[in-house]
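There are 2 protein chains.
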Amino acid sequence: MSGARATGGFPVTLDRGAGVPLPVQLASALREAIDDATLRPGEAVPATRELARRLGIARGVVVAAYEQLIAEGYLAAARGRGTLVNPALGAGASAAAEPALTGPAEASQSGPDPDPGPDPDPDPTPGPGVSGVLAPGVPITDAVAGPAWRAAWREAAGRLGSVAPALGDPELRSEIAEHLRRMRATARSAADVLVTAGTRDGLGLLLTALGGTRGRELVVGVEDPGLPSLRGAAARYGARIVTLPADAKGLDTARLPDGVLDVVIVTPSHQYPLGGTLPLPRRRELLAWARRTGVIIVEDDFDSELRYTGSPLPTLAALDDPATGSVVLLGTFSRTVSPALSAGYLLAPAGLRGLIEPVRAELGGPVSSVVQAALARYLASGELRRHTARMLRRYAARRDEVSELLAGARGVRVRPMDGGLHAVLELTGGDAAARRARESQIRDAAAGLGVQALGGYWQQREPGAAITGLVIGMGGADDAEFRAALAELRAILDKG
Amino acid sequence: MSGARATGGFPVTLDRGAGVPLPVQLASALREAIDDATLRPGEAVPATRELARRLGIARGVVVAAYEQLIAEGYLAAARGRGTLVNPALGAGASAAAEPALTGPAEASQSGPDPDPGPDPDPDPTPGPGVSGVLAPGVPITDAVAGPAWRAAWREAAGRLGSVAPALGDPELRSEIAEHLRRMRATARSAADVLVTAGTRDGLGLLLTALGGTRGRELVVGVEDPGLPSLRGAAARYGARIVTLPADAKGLDTARLPDGVLDVVIVTPSHQYPLGGTLPLPRRRELLAWARRTGVIIVEDDFDSELRYTGSPLPTLAALDDPATGSVVLLGTFSRTVSPALSAGYLLAPAGLRGLIEPVRAELGGPVSSVVQAALARYLASGELRRHTARMLRRYAARRDEVSELLAGARGVRVRPMDGGLHAVLELTGGDAAARRARESQIRDAAAGLGVQALGGYWQQREPGAAITGLVIGMGGADDAEFRAALAELRAILDKG
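See the structure below:
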């Protein structure tokens, strides 16, 4: 089956031979129709049964595509009215048009503060140096080194005469572009991809390039709460950090300050640590704001491939203009393969590449050509996709174990997580001061396990308002060790 | 044989069981005696035959040690007076105390110029991106991947669960310290070693760390002529570049400006591109100046292991104080193994480490743990030393081929080189303007071979004064390709 068919006013092209699953193809066609306003905000889409009949496909395919688009914010399920194109996508989408936010984090946010002053929470910010069975950010690595992996390295270790160009091994750049297309619904040319030593290296490259053109201190906005590693790296590169309030859905785009920032770092697919997904209206608002103000958006896409519910959401970069756009996506193989690789990528629109590429050429690429050749081969074998699918089942099983083993623990609720390598345990009961005290106490008692306090992810947490709790990693150990560590944590929770 | 013996006023301890060659042990003992003034400048050392008899060793051992120390500037051969401790080592050693400089480069140097203005020579500065059989900076790599290499990578590729700390794999840091001790006569603790992605990464780390403390634009002095890659990288990191005159012996330490610089980058062991070795009095003067002014010295030790004549010279870092010193040594495995590794190291005294380490911890180490584990194993096997010894024979043979194949070529003299991967072909005959025109013309005709013009290494070359010529690489091809490229170059030289 191939060719376009008119379907409720928009054409759909499905191709069973394309190697792309039908729900993905259908979701993509619907996204396009919404993006180019063939389908308008508030308009009803066909019922799943009807669309399946028209296209001659199983109803389950349509259900899966709709669910994905609801998760992304393209569609909305309206009680009694079937499925609609999200009304909040209308022009001038504002926070008011969105459903009320539900996360307790929301109330905690103050406006952007260009001078955050001393961190009100003296907790050590958890970084990649943290160790312990339950330390966040570490994936399960015991199943990577199979035959495809070993063959890739055997071949690569002998190729010492060919040195990868500073922008990266062409084969690897092309495999990463394919990875982004298949795993992140982001179709961009291999020329837009640069190989990096990881997310912080990519950020450093961008800031170095921008610093040279702006000729003054750069100002970088970061989500609060947020991942401390990029915040800390940006500061070390000499940038001034401004915190921007994030809530349970991610960055609050209605409260972005004009005229202050050069760069904003966001985690739209999986806000860290609370796990929210930035709704489509906010994505649009953010991009329009970036276009208007000339601010560059850094999309920290650190673990979006690892999503148990639905497909991974597409990137902010996918909505951006590949020529004149504002979004620099930073990706990493640290979560899908291993942090031992120290390899990732940067995706930038052509305009920004013109700024970044000469800097990279002069500073040199930091990633060994051997690593790049091995990774290119591993990706080309298709094994990363299979490995990721296997790991998703294991992470989902571990997430279930977290829920089961901690069910009924005193004053703890496991927050629902759609993906990623960590879980958030929210502390409940008592007043805010008591919860904060308990947060510190449990963090200290469970420090050997690598358990982190949520407080460490805030720069501006208002006492009494923000969610209080713990962050635990779900990789970094074999299954038995992981269970044993959970049992140990359960005992600490029940006592503390 | 072991134990101290008084020898002409100084004690010598030689130990046949130590695994360190006797000439190296003897040279080391003499160096110490000179450093602590047991032997004084101008004082005669025993005749080789006499010292050999006293110590009960072969005369050849003493000859080798004396030759090494003469090359380093510790000793001087005085006509009719035998061998002396170099009189130029006296207190307040000044350029005047040194023998007259012989290189034609000397006359070309203007004083340091804090604002070099536009490069008077528009030649593209050769960087690591240059390709061609005779491109400088590329080693012979066809013999690296032997059994020890393959075993190291096989083992390392499976270790995905252990991530190296940001400062580097402890085993690798310790192997690099051992490498520095054996290959560079620099005995320092493994704690002083940080793993880098290469020389430019190490420089970037240092400048980032310094930038954070100085809170203003850093000013970096570079040798002129000099290697463009670190000069360009420092500028990209936002530093202001000041050129410092270098002559045939290296940096002219008598003309260092006070109160201007934060950092000086030097190539004391093998000045690039002219190949000079910084004499000991200048080394001392440089270190004393750095101590007095607080300037940090970056020692770019890029290919010093590759020396055909005598042992490699010890580093500037070896003369520095390991606790409170001023020298940050940047080393690389690009020349001894392959640029495909993207791995090197930074050696810093404890005081500076305190500044650098927290920055590295927050920015993350860029080198894959797999690469680090493989390299540690390869170094531990002793294979790098054996490989280097084999490559030295091949480079020496290629240097001889350069001399033979280009002997008698029209208006060309092959400058004597003691080591390294490149040769300098000096243009002779005609006036300066004609030589400069010929330099450009040959460079253009031989561009496909990767041949570089000497002019590209200068920022401030005065027309008519500086040496004119070409730089060719001696690695980066198999032996037959290398010979064929030389024949092609010979034809171009005879025509142009």
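Residue numbers (numbering that gives the first Met the number 0), protein chains in the order written: chain R, 0 to 495; chain X, 0 to 495.
Beta carbons are placed, not taken as given, at the ideal position from N, Cα and C, and that holds for glycine.
Computed from a prediction, not measured in an experiment: that's the story for all the values here.
Member of the options whose CA lies at the smallest distance from the CA of residue i
i	options	result
R/Val259	R/Glu400, R/His269, R/Gly350 and R/Ile295	R/Ile295
R/Arg496	R/Thr387, R/Arg434, R/Arg389 and R/Glu400	Examination of residue 496 of chain R is not possible in this model, given that chain R is present from 0 through 495 alone.
X/Glu361	X/Arg15, X/Pro164 and X/Ser367	X/Pro164
X/Asp477	R/Ile69, R/Leu25 and R/Gly160	R/Gly160
R/Leu497	R/Arg384, R/Leu229, R/Arg180 and R/Tyr65	For residue 497 of chain R there is no data in the structure shown, the boundaries of chain R being 0 and 495.
X/Val327	X/Ala388, X/Leu315 and X/Gly210	X/Leu315
X/Arg183	X/Ala87, X/Leu329 and X/Val62	X/Leu329
R/Asp493	R/Ala452, R/Leu405, R/Thr47 and R/Ala208	R/Leu405
X/Ala234	X/Pro244, X/Leu243, X/Val221 and X/Ala245	X/Val221
X/Leu340	R/Ala155, R/Asp299 and R/Ala134	R/Ala155
X/Leu273	X/Ala422, X/Thr242 and X/Leu13	X/Ala422
R/Arg460	R/Val162, R/Pro224 and R/Trp288	R/Pro224
R/Asp300	R/Ala287, R/Glu42, R/Ala342 and R/Gln270	R/Gln270
X/Arg442	X/Ile491, X/Pro313 and X/Leu50	X/Ile491
R/Trp457	R/Ala486, R/Asp246 and R/Glu170	R/Asp246
R/Ile471	R/Leu13, R/Glu480 and R/Leu453	R/Leu453
R/Ile33	R/Gly79, R/Pro20 and R/Leu83	R/Leu83
R/Gly498	R/Arg48, R/Asp320, R/Arg291 and R/Asp430	The requested residue 498 of chain R is not part of the displayed model; chain R covers only 0 to 495.
X/Arg230	X/Leu255, X/Leu209 and X/Val263	X/Val263
Neighbour list for residue i in chain R, Cβ cutoff strictly below 7 Å
i	result
X/Tyr377	Within chain R, no residue comes near X/Tyr377; the closest Cβ sits about 10 Å away, beyond 7 Å.
X/Leu362	Arg199, Gly203, Ala232 and Arg235
X/Val162	Pro338 and Ala339
X/Arg149	Ala156
X/Trp152	Trp152 and Ala156
Contacts of residue i in chain R (Cβ-Cβ under 9 Å)
i	result
X/Asp168	Per Cβ cutoff of 9 Å: no residues; X/Asp168 is ~10 Å from chain R at best.
Beta-carbon contacts of residue i that lie in its chain and below 8 Å, excluding the five residues immediately before and after
i	result
R/Arg180	Ala186 and Arg187
R/Ser130	Gly449
R/Gly499	The question about residue 499 of chain R has no answer here: the residues shown for chain R are numbered 0 through 495.
R/Asp168	Val194, Ser368, Gln371, Ala372 and Ala375
R/Glu177	Leu378
X/Val44	Gly7, Leu29, Leu38, Leu50, Tyr65, Leu74, Gly81, Thr82, Leu83 and Val84
X/Leu166	Arg172, Leu193, Val194, Glu356, Arg359, Ala360 and Gly364
R/Thr387	Met182, Glu304, Leu305 and Thr335
Under 7 Å by beta carbon: chain X residues contacting residue i
i	result
R/Leu159	Thr140, Val143, Ala144, Ser337 and Ala339
R/Val358	Arg235
R/Val192	The contacting residues do not exist; R/Val192 stays about 18 Å from chain X at best.
Interface residues of chain X facing residue i [CB-CB closer than 8 Å]
i	result
R/Val366	Ala196, Ser341, Pro365 and Ser367
Same chain, Cβ closer than 6 Å to residue i, neighbours up to 5 away in sequence not counted
i	result
R/Ser173	Ala189
R/Leu285	Thr252
X/Leu277	Gly249 and Pro267
X/Arg412	Glu425 and Thr427
X/Leu500	Absent from the structure is residue 500 of chain X, since the part of chain X shown begins at 0 and ends at 495.
R/Ala77	Leu83
Integer-rounded CB distance, given that residue j should sit under 8 Å from residue i
i	j	result
X/Leu420	X/Pro135	7 Å
R/Gly343	R/Gly475	That belief does not hold up - the Cβ atoms of R/Gly343 and R/Gly475 are roughly 19 Å apart, past 8 Å.
R/Leu88	R/Val60	Between R/Val60 and R/Leu88 the Cβ distance is about 24 Å, and since that is not below 8 Å, they are no contact.
Closer than 8 Å at the beta carbon, the chain R residues around residue i
i	result
X/Asp262	According to the sequence shown, residue 262 of chain X is Val rather than Asp. What X/Val262 touches in chain R: nothing, since even the nearest Cβ is about 16 Å away.
Close Cβ partners of residue i (< 7 Å) along its chain, the five nearest in sequence each way excluded
i	result
X/Pro282	Sequence check: residue 282 of chain X is Arg here, not Pro. The answer, listed in chain order, is Pro267, Leu315 and Leu318.
X/Ala147	Tyr377, Ser380 and Glu382
X/Gly468	Val423, Leu424, Glu425, Leu426, Glu438 and Leu453
X/Ile139	Met390, Arg393 and Gly474
R/Thr47	Arg58, Val61, Val62 and Tyr65
Chain-ordered neighbours of residue i on chain X, where CB pairs are closer than 9 Å
i	result
R/Val413	Near R/Val413 there are no residues of chain X at all, since even the closest Cβ is about 26 Å away, more than 9 Å.
R/Val19	Within chain X, no residue comes near R/Val19; the closest Cβ sits about 30 Å away, beyond 9 Å.
Cβ of residue i within 8 Å of any chain B Cβ
i	result
R/Val450	Of the protein chains in the structure, R and X, none is chain B.
- [ ] Give the residues from the region 131 to 144 of chain R that approach chain X closer than 7 Å (Cβ to any Cβ), ordered along the chain.
- [x] Hits within the stretch, in order: Thr140, Asp141, Val143 and Ala144.
- [ ] Using a Cβ-Cβ cut-off of less than 8 Å, give me the residues of the region 331 to 343 of chain X that come near chain R, in sequence order.
- [x] For the region 331 to 343 of chain X, which is checked against every Cβ of chain R, the residues closer than 8 Å are Val336, Ser337, Pro338, Ala339, Leu340, Ser341 and Ala342.
Open item on the list: At a CB distance below 8 Å, what residues from the region 202 to 225 of chain R approach chain X? Give them in sequence order.
Closed with: For chain X, the residues of the region 202 to 225 of chain R that bring a beta carbon within less than 8 Å of one of its beta carbons are Gly203, Thr207, Gly210 and Gly211, in chain order.
TODO: Using a Cβ-Cβ cut-off of less than 8 Å, list which residues of the region 296 to 329 of chain R approach chain X; keep chain order.
DONE: Answer in chain order: no residues at all.
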